[in-house]
Amino acid sequence: NAGVTQTPKFQVLKTGQSMTLQCAQDMNHNSMYWYRQDPGMGLRLIYYSASEGTTDKGEVPNGYNVSRLNKREFSLRLESAAPSQTSVYFCASRLAFSSGGNLYEQYFGPGTRLTVT
Amino acid sequence: KNQVEQSPQSLIILEGKNCTLQCNYTVSPFSNLRWYKQDTGRGPVSLTIMTFSENTKSNGRYTATLDADTKQSSLHITASQLSDSASYICVVAHNNNDMRFGAGTRLTVKP
């Protein structure tokens, strides 16, 4: 049981390049999330998927797109990377999203450290 | 604006000592408050989750307290160990599942 896995661990891009960050979970969770973590700031939600087949914007969605490929996998795409997107990206999952599941544990992956030059 | 403020930003203590980390929030309406531990280069790991009706919750040497009236929480670490060196993040959830993360307190435990 690997939990939440992310690839790659590290990536360096040039401005304007595109890439996709991959995330998978093996806990049969319904909800998945993408966050970014910047120095001196709390994690901020980029996009989330409350359940398979749905995606919604979070607090900072500009410059990103997501795909919930199936129940296990949730990818984050940068179409044209910018230096402001240099950050550490975390994927997370939770059993349920609804208010009834509000107390469910949220499990995080190990992160992808992205640098855009 | 809904905010979660943590103090201190960083803290250095000697192994075996106790410490208390603070979290003040303005998130409303409030659903629950979580404390996470984040080791360097790793993702956050949950320590405790408390609803508004809970005052205290423990997880081993970690004890979280919550005062929903004053919108304050604290995380107390007893008999610190070197492995406690990490960032500790306070997270407050809205009723609509929106979670707001504090910037964290960086704890260093020295031998």
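Protein sequence lines, in the order shown, are assigned to chains A and B.
This note's numbering numbers the first residue of the first sequence as -15 and each following residue consecutively.
This note's numbering numbers the first residue of the second sequence as 6 and each following residue consecutively.
No residue lacks a Cβ here, since even glycine has one placed at the ideal position from N, Cα and C.
Note that the structure is a prediction, hence the values are computed from the model and not measured.
Scanning its chain for C-beta atoms nearer than 6 Å, with the 5 sequence neighbours on each side dropped, one finds around residue 33 of chain A the residues 16, 39, 52 and 58, in chain order. Counting other Cβ atoms within 10 Å of its Cβ, residue 110 of chain B reaches 16 or more and is therefore classed as buried. For the options A:-15, A:89 and A:20, the alpha carbon positioned closest to that of residue 38 of chain B is the one of A:89.
Excluding residues up to 5 positions away in sequence, 9, 10, 11, 91 and 93 lie with their Cβ nearer than 8 Å to the Cβ of residue -13 of chain A in the same chain. Between residue 28 of chain B and residue 95 of chain B a beta carbon distance of about 3 Å is seen, short of the 8 Å cut, so the two are scored as contacting. The Cβ of residue 109 of chain B sits closer than 9 Å to at least one Cβ of chain A.
Across the structure, residue -8 of chain A and residue 35 of chain B are spaced so that their CA atoms are roughly 36 Å apart.
Contact of residue 49 of chain B with chain A by beta-carbon distance below 7 Å involves 92. Taken in chain order, the complete beta strand (DSSP E) segments of 3 or more residues contained in the stretch -13 to 19 of chain A are -12 to -9, -6 to -3 and 3 to 9. Assigned with DSSP and collapsed to three states, residue 89 of chain B falls in helix. Identification of residues in the stretch 48 to 79 of chain A having a C-beta nearer than 7 Å to some C-beta of chain B yields 74, given in sequence order. The Cβ of residue 56 of chain B sits closer than 9 Å to at least one Cβ of chain A.
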